[in-house]
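Here's the structure we're looking at; comments come further down.
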Amino acid sequence: MTETDATLIERVRRGDGGAFDTLMRRHMRAAYAVALAHTGERADAEDVCQDAFVTALERLDEVRRPEAFVGWLLQIVRNRAHNLRRREKVRRALPLDAAAEAPARGRSPAGEAEDAELRRRLEEALEHLTPTQREVVLLYDVQGWSHREIADAVGTSEGAARVHLHHARRALRARLGPTYREEPS
Amino acid sequence: MIHEFRDLRRLDPTRDPERWEALLSRTRAAAGPELARRRLAAGPAAPLARWVRPALAVAAALVVAFGAALAVAGERASSRTALASEPGVGEGMGMPVALAGWVEESGDARAPLVLVPGGEGR
């Protein structure tokens, strides 16, 4: 039987590493989607996720509603991403070169280059969306979340989440053309 | 190249399992110290751990207070010794030590005069 977040949180509060692992595996992808929506870059999104999970662990006693843990976690992710972007703006003027990222293993160099190119195009198109639109479209298309789950995580209504998704997809279609295939909403 | 372009799933981090597991592993490692702290706080030694710090603080305060009291007492004792070693009025006037002691202890300011030839007693 799948343990609820509330049960896992209770165990993590007592220092249970296994429970932390389960909680992390359950929510890391969503955290990553939100982090990517705000940083626009894989390595930064990963740093933000790691940082956010450790911060969440340190502040776990502040969780009043364990059933709303994921929304609370994603707010930490947004804050961390925002802080990172602010620091990065000061530190570097040039965007990170996507080609410098570690390539996926087990693929041909041509395949890796192609994948990197497509990812770059997607990330570039996403840059033209608002942060909330990016979050919604990534949580929907990458994570496969429902409108209800997205609304809870983003802190909006289900209808507003649908509207954000609609606008996000329209903007992506405009940027990427007919090759953009979307999940039915 | 573009005809193979599909959807946002290309951004799914789990498409690169090795990199994904590395992220999970890094996060787990970074969380280690906090998890260990929580284990200690929740373990059987927790009540003891809760008492250790206040007990140490009280012990430290007692040591400081005791030390301060000793220092003050020592200072007083040394000043008393210094006073005792200083020549008194009687000795200053050339009286024998025993007599000078009586003069000092009597506390009567006129006592030396009683003993001095040509003093008040004359």
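Protein chains in written order, with our numbering: chain A, 1 to 185; chain B, 186 to 307. For glycine and all other residues, C-beta sits at the position ideal for the given N, C-alpha and C.
- Ranked by Cα distance from VAL70 of chain A, the first of A:ALA125, A:THR132, A:ARG175, A:ASP152 is A:ASP152.
- For the 8 Å CB-CB criterion, ARG29 of chain A and PRO198 of chain B form a contact.
- CA-CA distance, HIS166 of chain A to VAL77 of chain A, rounds to 24 Å.
- Counting of Cβ neighbours within 10 angstroms places VAL237 of chain B among the exposed residues, the total staying below 16.
- VAL34 of chain A is positioned such that its CB atom lies no closer than 8 Å to that of ALA216 of chain B.
- When secondary structure is reduced to three states using DSSP, LEU129 of chain A falls in the coil class, being assigned neither helix nor strand.
- In the DSSP annotation of this structure, LEU60 of chain A is not part of any alpha helix (DSSP H), being labelled neither H nor E.
- Listed along chain B are ASP197, PRO198, THR199, each with a C-beta nearer than 8 Å to that of ARG29 of chain A.
- ASP5 of chain A: member of the alpha helix (DSSP H) spanning 5–13, first to last residue.
- For GLU206 of chain B, the nearest beta carbon of chain A is not closer than 8 Å to its own beta carbon.
- Taking a 10 Å sphere around the C-beta of GLU46 of chain A, we find 16 or more other C-beta atoms and assign the residue as buried.
- VAL136 of chain A is positioned such that its CB atom lies no closer than 8 Å to that of ALA171 of chain A.
- Around the beta carbon of LEU8 of chain A, a 10 Å sphere encloses 16 or more other beta carbons of the protein chains shown; the residue is thus reported as buried.
- For GLU46 of chain A, the nearest beta carbon of chain B is closer than 8 Å to its own beta carbon.
- Annotated three-state conformation of SER263 of chain B is helix, per DSSP.
- For the set A:GLU149, A:ARG121, A:ARG13, A:LEU84, the Cα lying nearest the Cα of ARG175 of chain A is the one of A:ARG121.
- Only residues of its own chain outside the window of five on either side were considered, and among them GLY40 have a CB closer than 7 Å to the CB of GLU127 of chain A, listed in chain order.
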